[in-house]
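Residues -17 to 73 (our numbering) are what the sequence shown spells out, left to right. Just so you know, even glycine gets a beta-carbon here, dropped at the ideal spot from N, CA and C. Remember, predicted model here, so these are calculated numbers, not experimental data. Take a look at the structure set out below.
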Amino acid sequence: MSAQTVVYLFFLIIYLLILVAFNKARTKYAGGKVGEMINLIIITTLLLFCSDYAQVLTGLFPDNVLFAVQVILRAAALAFLAFGGIRIGSD
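Rendered as structure tokens:
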């Protein structure tokens, strides 16, 4: 296993910890702006998790396909966070 793969697996573990923590917080703070922000963070983290998980599939797909998937998922995560934050902030 290469060092890059180990780093991506470490990122995946961190993403899972974030998802578990915010999922517990979502049940505690359901509704309102705090609940919306928690959902925003969960979806963004989930998209980033999928982006980094694509790197683990290196042997199954060509590198250019994996890179395209990573870029699309990261851009979607950042766009979702930006537009969701603007929508919540403008209310």
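Minimum C-alpha distance to residue i - residue among the options
i: Gly80; options: Ile20, Lys10, Ala(-15); result: The requested residue 80 does not occur in the structure, where the chain is confined to residues -17 to 73.
i: Arg69; options: Leu22, Ser(-16), Ser33, Leu(-2); result: Leu22
i: Val(-12); options: Phe65, Thr9, Gly17, Asp34; result: Asp34
i: Asn5; options: Ala(-15), Tyr(-10), Leu60, Thr26; result: Thr26
i: Val53; options: Ala36, Lys15, Tyr11; result: Ala36
i: Leu(-2); options: Lys10, Leu28, Ala59, Thr40; result: Leu28
Three-state secondary structure assigned by DSSP to residue i
i: Asp45; result: helix
i: Asp73; result: coil
i: Ala12; result: coil
i: Thr27; result: helix
Cβ-Cβ separation, residue j to residue i (assumed contact under 8 Å), whole Å
i: Leu48; j: Leu39; result: 7 Å
i: Leu(-6); j: Phe43; result: That pair is no contact at about 17 Å.
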